[in-house]
Each structure stands twice: as structure tokens, then as C-alpha cells.
Amino acid sequence: MEIAGENPTAWLVIAAGDDREHAGNDGYDDAPSQHYSWDSTVANREGPQQGHVIVLRNTKVLLGVSVIDRVDKDTADKLRHRCPACSRANFKQRKELLPRYVCSSCKHEFDEPESRLEQVTTYRTDHAASWTDLHGVLTKQQLRDLCFSTGSQLSIRPFRYDAFRALLGERSDLPQLGLVEARVRAIAGGHRRAFVRVRNGQGAFRARLLKEYGDVCAFTGPTPREALEAAHLYSFAEDGEHRDEGGLLLRRDVHGLFDRGYLAVEPGGLTIDVVDALHGYEAYQALHGAVLQVELTAQQQDWVRAHWAAHR
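Going left to right, the sequence shown walks through residues 1 to 312 as full-length UniProt numbering numbers them.
Structure representation (C-alpha cells):
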């Protein structure tokens with residue numbers, strides 16, 4: 001479905017956050033203007049690729065559009081919730097009726113699902129560079145009508161970019177799509193190095209860190225194991241190896257912010273530095289100047305010093 005010229009492959013994705021219809025999992029760490037996450041339990045999981053257009057909506061309206069600069073693949077343990085009768089994850093939480101849940105597959109009603117950890121492949125885009133905010137410009141139904149399959153209920157759907165562009169072009173008050181289309185041409189022309197980062201051995205790397213530190217985020221302290229990720233203190237994309245003393249456990253949101261340099265470790269006092277842009281968020285502002293929750297080895301201090309130099 002690759003379309004030449006200025007009609008690139010495009011995907012409509014749903015960044016539902018906590019407002020999700022199905023209750024089979026605990027959601028993803030979406031930050032619509034920066035990245036979008038999904039895993040191997042999702043249909044079309046291998047569809048979105050570097051250079052594709054990504055159109056994001058919430059449960060009601062369009063949020064914005066961008067171009068995927070990179071897709072990172074990883075492995076993780078995910079808490080999955082299943083119907084106790086048929087073991088499927090296709091069930092919904094009721095807002096008023098009891099029992100709390102009803103299975104869409106077998107119609108069984110129940111108060112609590114069965115929950116267990118399962119290993120999945122995770123995917124996360126990096127699309128911050130060409131983000132174009134279009135919040136509320138189109139409705140959920142208008143966006144559905146622009147999909148190749150208008151009746152699809154999937155969270156990742158093939159999308160008709162040419163029709164999308166034409167519809168927006170009828171409005172002179174909207175931001176233009178020039179940034180998006182310039183990014184598509186730049187990537188297609190080879191101006192950016194294309195890669196997908198596959199972190200082979202990530203599960204074993206995380207297991208070593210859990211054995212070393214326990215269920216502790218190095219920045220925020222004790223954290224449920226399901227929310228902890230193995231963070232590399234160096235560029236894994238460039239190095240490609242899981243090095244001894246090369247990682248820390250970080251809460252999922254903290255990990256993403258650390259990778260992008262929004263959070264860093266000040267080398268002198270080994271305290272957390274938070275960029276000004278996050279000071280409007282109380283939970284992150286509270287971390288500014290705080291000491292780490294774990295002790296760093298000399299090698300780890302060298303790597304956080306290099307991270308600091310790269311981002312500060």
C-alpha cells in the first residue's frame with residue numbers, strides 16, 4: 001500500500017489514554033505530540049514504519065498529524081486481564097451495572113478479571129519533529145470515513161492521506177501540512193538514516209537489573225514491577241549491546257523523558273535535573289534537585305555524565 005509522491009502510507013491511530021473501551025490491558029504510554037505506543041497484541045502491529053504519516057485521535061476528535069522518524073521495538077512484561085470463563089481479553093467495564101465486567105466474546109458477567117503477566121513485543125514511534133497540532137478539527141466519525149475500511153474498529157488503521165489533505169485544504173484557518181510533507185520527502189530521499197531498533201536480550205537485561213535493584217525506579221523510588229523498564233544509560237541504537245553496569249530501572253514515563261533529555265542527572269551532585277518545560281507538572285517538578293534512589297557505580301557516573309553533556 002506504499003503510495004508514491006506526496007500520498008504517503010498513512011495510519012489513523014487511537015491515543016485513548018485512560019478513556020479506553022476495552023479493559024483487557026492497562027493501556028500504553030502515549031504522548032501524542034511525541035510518540036505512540038502499542039504491542040504485539042494489536043492488529044496491524046507491524047504496519048507503521050519510518051516515513052509513514054501518523055494521524056492521532058482520541059475517543060472523540062483529531063489530535064494532530066506527524067511523520068514517523070523511528071519505530072523502536074522492545075520486549076516487556078505486560079499485565080493482561082482476561083475473562084475468567086473463556087480466557088479472552090475482549091471485555092468491557094460497565095459504568096453503572098453490576099457485575100462490573102461483561103465479556104464481548106462469551107457474554108459472561110464478572111466482578112474481577114483473571115490477571116497475569118505475559119511477555120509481549122512493544123513498539124513506540126518517535127514522531128515529535130514534524131508534529132502538527134490539529135486538535136478538534138475533525139470528529140471521530142469524519143476520521144473513520146477517511147479510513148480504507150470505514151467500519152474498522154482497530155486502533156491502528158490504514159488511512160487515506162490524500163482525502164485527509166483535501167478535506168483540510170478546504171479550511172483556510174488551519175495549519176498547513178507542509179512540515180509533514182517535507183519530512184516525508186526528506187526521509188524518502190535518504191536524508192535520514194532509517195533503522196528499527198530491536199533490543200535483543202532486553203528481557204535478560206531487565207531481569208539482571210531487577211535482581212540488582214529490586215522493584216525500585218532510580219528516580220522516583222519503589223514502583224510496581226509492571227511499570228518498570230530497563231533503561232540504557234548510553235545509546236543502545238548506536239552500541240547495540242547490553243553492557244554491564246549500563247542500565248537502571250526507570251518508571252515507564254520517566255524512561256521516555258530520560259531518553260529524550262527532559263530528565264537528566266547532574267554529574268556533580270548526582271541529583272535529578274528537570275527541564276523548565278516540565279515544571280508545570282507537579283509530579284516532575286518535585287523531582288528537580290532530588291537525589292537518586294540508588295547508588296551509581298563509577299562506570300554509571302561516566303555514562304550519566306555523557307548523557308548530561310549530550311542534553312545540557
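Each residue gets a CB set at the ideal place from its N, CA and C atoms; glycine is no exception.
Looking only at its chain, what residues have a beta carbon closer than 6 Å to the beta carbon of residue i, apart from the 5 residues adjacent to it on each side?
i, result
"residue 225", "215"
"residue 220", "251"
"residue 111", "99 and 100"
"residue 279", "285"
"residue 60", "140"
"residue 308", "264 and 267"
"residue 34", "128"
"residue 257", "263"
"residue 24", "At residue 24 the pLDDT is 43, less than 50, meaning the model places this residue with poor confidence and gives no usable figure here."
Distance, Cα to Cα, residue i vs residue j?
i, j, result
"residue 200", "residue 96", "Only weak support is given to the placement of residue 200: the predicted model assigns it a pLDDT of 46, under 50, and the question is left unresolved by the model."
"residue 115", "residue 101", "14 Å"
"residue 194", "residue 153", "Note that residue 194 has pLDDT 38, beneath the 50 cutoff, so the model's placement of it is unreliable and the number below is only indicative. So the alpha carbons of these two residues sit roughly 30 Å apart."
"residue 249", "residue 168", "43 Å"
"residue 156", "residue 127", "16 Å"
"residue 117", "residue 298", "34 Å"
"residue 317", "residue 159", "The question about residue 317 has no answer here: the residues shown for the chain are numbered 1 through 312."
"residue 63", "residue 43", "22 Å"
"residue 206", "residue 150", "41 Å"
"residue 75", "residue 255", "15 Å"
"residue 188", "residue 178", "15 Å"
"residue 295", "residue 217", "12 Å"
"residue 38", "residue 31", "12 Å"
"residue 232", "residue 302", "13 Å"
"residue 36", "residue 228", "18 Å"
"residue 353", "residue 283", "The chain is shown only over 1 to 312; residue 353 falls outside these bounds and no answer can be derived."
"residue 120", "residue 14", "20 Å"
"residue 165", "residue 281", "34 Å"
"residue 312", "residue 186", "28 Å"
"residue 170", "residue 148", "21 Å"
Comparing C-alpha positions only, which one of the options sits nearest to residue i?
i, options, result
"residue 161", "306, 53, 36 and 278", "53"
"residue 105", "300, 122 and 83", "83"
"residue 300", "245, 121 and 281", "245"
"residue 208", "130, 166, 247 and 136", "247"
"residue 80", "41, 123 and 204", "41"
"residue 78", "166, 170 and 123", "123"
"residue 306", "282, 259 and 292", "259"
"residue 173", "137, 230 and 186", "137"
Short of 8 Å in beta carbon distance, which residues of its chain neighbour residue i, apart from the five on each side in sequence? Order them along the chain.
i, result
"residue 175", "132, 133 and 134"
"residue 163", "146"
"residue 310", "261"
"residue 87", "114"
"residue 85", "103, 106, 108 and 110"
"residue 292", "218, 219, 265, 270, 271 and 272"
"residue 277", "262"
"residue 304", "233, 264, 265, 267, 270 and 296"
"residue 45", "38, 39, 121, 123 and 156"
"residue 184", "6, 8, 51, 53 and 67"
To which residues of the same chain is residue i closer than 7 Å at the C-beta, ignoring the five residues directly before and after it?
i, result
"residue 68", "48, 49, 50, 51, 52, 54, 125 and 127"
"residue 66", "54, 127, 130, 131, 132 and 180"
"residue 222", "215 and 216"
"residue 230", "202, 205, 206, 209, 247 and 249"
Evaluate the contact criterion for the segment 132-143 versus the segment 85-93: three or more CB pairs, one atom per stretch, below 8 Å.
The segment 132-143 vs the segment 85-93: no contact.
Ranges of the beta strand (DSSP E) found wholly within the segment 265-311, counting only runs of at least 3:
Qualifying beta strand (DSSP E) stretches, in chain order: 271-274.
Suppose only complete runs of 3+ residues qualify. What are the beta strand (DSSP E) ranges in the segment 126-214, listed by chain order?
Unbroken beta strand (DSSP E) runs of no fewer than 3 residues, entirely contained in the segment 126-214, are found at 156-159 and 196-198, following chain order.
Note down, one range per segment and in chain order, each beta strand (DSSP E) of at least 3 residues found wholly within the segment 35-70.
The segment 35-70 contains, as complete beta strand (DSSP E) runs of 3+ residues, the segments 37-39, 53-57 and 62-67 (chain order).
Does the segment 46-61 come into contact with the segment 6-14, if we say contact requires no fewer than three beta-carbon pairs (one atom in each stretch) closer than 8 Å?
The segment 46-61 makes contact with the segment 6-14; the number of CB pairs closer than 8 Å reaches 3 or more.
Stretch pair the segment 206-214 + the segment 52-66: three plus CB contacts closer than 8 Å:
Contact fails: fewer than three Cβ-Cβ distances are below 8 Å.
Does the segment 285-293 touch the segment 267-274, meaning 3 or more C-beta pairs lie closer than 8 Å?
For the pair of segments examined, the segment 267-274 was found to touch the segment 285-293: the number of CB pairs separated by less than 8 Å reaches three.
In chain order, which continuous runs of the beta strand (DSSP E) of length 3 or greater are located wholly inside the segment 90-123?
Taken in chain order, the complete beta strand (DSSP E) segments of 3 or more residues contained in the segment 90-123 are 91-93 and 101-103.
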